[in-house]
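Trainee: Numbering (numbering that gives the first Met the number 0), first residue to last: 0 to 355.
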Amino acid sequence: MRKFTKLASIAFISILGFTSCERDNKTEVLPVVPPSDGSKMTLEGGEGGTDAANAVYVDLSTDKQTSVARKSWSLGFYSGSAFRVILNNHMAYSAMVTNQTDIKAVSSTNVDLTKLNYNFQAKDQLQNYDDTAGRIEKSLIAEIKATESENKVYVINPVHPNADKSNVWKVKINRGTAQDYVLQYAKLDDTNFKSLTIKKDNKLNFNFISFSEGPVNVEPTKDEWDLVWTKSIYYTAMGGAPIPYFFSDLVFINHLNGVSVSEVVFLGKDNKSNGQPNYEEFDSSKLSSIKFKNNRNAMATSWRNTLSVGVLRDRFYVIKDKAGNIYKLRFLAMGVKDDGGKRGYPEIEYKLVKSN
0 MRKFTKLASI AFISILGFTS CERDNKTEVL PVVPPSDGSK MTLEGGEGGT DAANAVYVDL
60 STDKQTSVAR KSWSLGFYSG SAFRVILNNH MAYSAMVTNQ TDIKAVSSTN VDLTKLNYNF
120 QAKDQLQNYD DTAGRIEKSL IAEIKATESE NKVYVINPVH PNADKSNVWK VKINRGTAQD
180 YVLQYAKLDD TNFKSLTIKK DNKLNFNFIS FSEGPVNVEP TKDEWDLVWT KSIYYTAMGG
240 APIPYFFSDL VFINHLNGVS VSEVVFLGKD NKSNGQPNYE EFDSSKLSSI KFKNNRNAMA
300 TSWRNTLSVG VLRDRFYVIK DKAGNIYKLR FLAMGVKDDG GKRGYPEIEY KLVKSN
């Protein structure tokens, strides 16, 4: 009898174990959260008016905005396959390459800081700034080579418009083991430098560092934002040639993570219809005529006129996110002239046209 009881106990425990293993081996099914149907949103650019303190990242499918101080970071380290580093265009950082590969060999005695001063009349001044189109292969800092001796020292001015040796930094960036960057950085005339290892993270477009604070969080994860409203160095034309200009109220899309956009202008001269559907009329049946662009500055300044009317009422935008959700979006106010609102707090409205 005792033997039977013992065998029964073993069998019962085995059944429990099997049931437990079966439960543990089941794949947990997470609920699918449908994309937002749309909303209205006032972006929290912060105080400062035309010099609003924040960049604001927007995720349309979750109705989420993330405000980040523009001055909170200095360099962004790309997490994609290339080894590229970007400057903080949101604060109009200027920079130039030296002919040195040893960071200790660079100081104010052998660098002409006047070349870093902002001068919109100077020829080729744009070369002192990172690519305004955000093309990662055209960043001012050259691709970081595997061989340390091939990587030059750069001098960076974080203070717009003029460079002063007390504010200027020098940096040398190398590759570490695996997918790491190794940053050496110091004030221009410091003889010692700090060293920092930055690891790539495939959930982010970039990992960011601040010269004063070290690693900092800036952009949301790359799947959690579609566009960013900010102030940034950009370009304009003077005498037929492009020159750098520090623009307020710029909008860039998350082009590095597959977001694309199309502008729909539905009013022509004298505010008469040109045959294109307006915002209210646009629906999924009109998508066949849309041609999406995935360049970062496909929206940029095209939605507003800061010298007169503010938000342009003759257009809206169709935005496709990485997941394939398609939204129509228009700007309602930005705080210029008669468009209402408050500068630094632009207002948008968007509506889901088609889910993925």
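Even glycine gets a Cβ: it sits at the ideal position worked out from N, Cα and C.
In this text the structure is predicted, and so the values were computed from the model without any measurement.
Got a sec? Which residues, its chain only, sit under 6 angstroms from Val-110 by beta carbon, not counting five neighbours each side?
Mentor: The residue you call residue 110 lines up with position 111 of the sequence shown. Excluding sequence neighbours, Val-110 sits near Val-154.
Trainee: Buried or exposed: where does Ser-38 fall if 16 or more other Cβ atoms within 10 Å of its Cβ makes it buried?
Mentor: Your numbering for residue 38 matches position 39 in the sequence shown. Exposed is the call here.
Trainee: Which term fits Thr-131, buried or exposed, when burial requires 16 or more other beta carbons within 10 angstroms of its beta carbon?
Mentor: For the purposes of this step, residue 131 is taken as residue 132 along the sequence shown, with counting starting at 1. Burial call: buried.
Trainee: Could you check where the beta strand (DSSP E) with Leu-74 kicks off and where it finishes?
Mentor: To locate residue 74, count along the sequence shown from 1; it is residue 75. Here the beta strand (DSSP E) through Leu-74 covers 74-77.
Trainee: Taking the beta strand (DSSP E) that Ile-242 belongs to, which residues open and close that run?
Mentor: Here residue 242 corresponds to residue number 243 of the sequence shown, with the count starting at 1. Residues 240-252.
Trainee: When we look at the beta-carbon of Met-298 and count the other beta-carbons within 10 Å, is it buried (16 or more) or exposed?
Mentor: Indexing the sequence shown from 1 puts residue 298 at position 299. The residue in question, Met-298, is buried, as its Cβ has 16 or more Cβ neighbours within 10 Å.
Trainee: Asn-296: which of Val-217, Gly-238, Ile-143, Ile-232 sits nearest, CA to CA?
Mentor: As a working mapping, residue 296 is identified with position 297 in the sequence shown. For Asn-296, the nearest C-alpha among the options comes from Ile-232.
Trainee: Helix, strand or coil for Arg-342 per DSSP?
Mentor: Residue numbering aside, residue 342 sits at position 343 when the sequence shown is read from its first letter. Looking at Arg-342 - three-state DSSP - the assignment turns out to be coil, as it is neither helix nor strand.
Trainee: Have a look at Ala-322, Lys-221, Gly-343 and flag the residue whose alpha-carbon is nearest the alpha-carbon of Gly-48.
Mentor: In the sequence shown, counting from the first residue as 1, residue 48 sits at position 49. Nearest of Ala-322, Lys-221, Gly-343 to Gly-48, Cα basis: Gly-343.
Trainee: In three-state DSSP terms, what is Ser-288?
Mentor: Residue mapping note: residue 288 aligns to position 289 of the sequence shown, counting from 1. Looking at Ser-288 - three-state DSSP - the assignment turns out to be helix.
Trainee: Name the residue from Lys-350, Asn-355, Val-352, Pro-345 whose alpha carbon lies nearest to the alpha carbon of Gly-45.
Mentor: As a working note, residue 45 is residue 46 in the sequence shown. Ranking Lys-350, Asn-355, Val-352, Pro-345 by Cα distance to Gly-45 puts Pro-345 first.
Trainee: Kindly confirm or deny that the segment 139-154 and the segment 196-207 touch, where touching means at least three C-beta pairs closer than 8 angstroms.
Mentor: no
Trainee: Can you tell which of Gln-275, Lys-221, Ser-60, Leu-182 has the C-alpha that lies nearest to the C-alpha of Pro-33?
Mentor: Counted from its first residue, the sequence shown places residue 33 at position 34. For Pro-33, the nearest C-alpha among the options comes from Ser-60.
Trainee: Assuming Phe-291 and Lys-327 are in contact, meaning their beta carbons sit under 8 angstroms apart, how far apart are those beta carbons, in whole angstroms?
Mentor: The residue you call residue 291 lines up with position 292 of the sequence shown. The residue you call residue 327 lines up with position 328 of the sequence shown. About 13 angstroms separates the two Cβ atoms, so there is no contact after all.
Trainee: Please confirm whether Val-55 and Ser-66 have their CB atoms less than 8 angstroms apart.
Mentor: Counting from one through the sequence shown, the residue named residue 55 turns up at place 56. Counting from one through the sequence shown, the residue named residue 66 turns up at place 67. Yes, the pair counts as a contact, with Cβ atoms nearer than the cut-off.
Trainee: According to DSSP, simplified to helix, strand and coil, what is Leu-115?
Mentor: The residue given as residue 115 occupies position 116 in the sequence shown. In the structure shown, the three-state DSSP call for Leu-115 is helix.
Trainee: So the candidates are His-254, Arg-329, Ala-236, Val-170; which of them puts its Cα closest to the Cα of Met-95?
Mentor: Locating residue 95 in the sequence shown gives position 96, counting from the first residue. Closest by alpha carbon: Val-170.
Trainee: DSSP three-state label for Asn-88, please.
Mentor: Within the sequence shown, the letter at position 89 stands for residue 88. It is helical.
Trainee: With the cut-off set at 8 angstroms, would you say Ile-252 and Leu-286 are in Cβ contact?
Mentor: Taking the first residue of the sequence shown as 1, we reach residue 252 at position 253. Taking the first residue of the sequence shown as 1, we reach residue 286 at position 287. Contact flag unset, no.
Trainee: I need the straight-line Cα distance from Ser-73 to Leu-86, nearest angstrom please.
Mentor: Mapped onto the sequence shown, residue 73 falls at position 74. Mapped onto the sequence shown, residue 86 falls at position 87. For Ser-73 and Leu-86, the gap between their C-alpha atoms comes out near 6 angstroms.
Trainee: Between the C-alpha atoms of Ser-288 and Glu-218, what's the straight-line distance to the nearest angstrom?
Mentor: Counting from 1 along the sequence shown, the entry for residue 288 is found at position 289. Counting from 1 along the sequence shown, the entry for residue 218 is found at position 219. Going from the Cα of Ser-288 to the Cα of Glu-218 covers about 32 angstroms.
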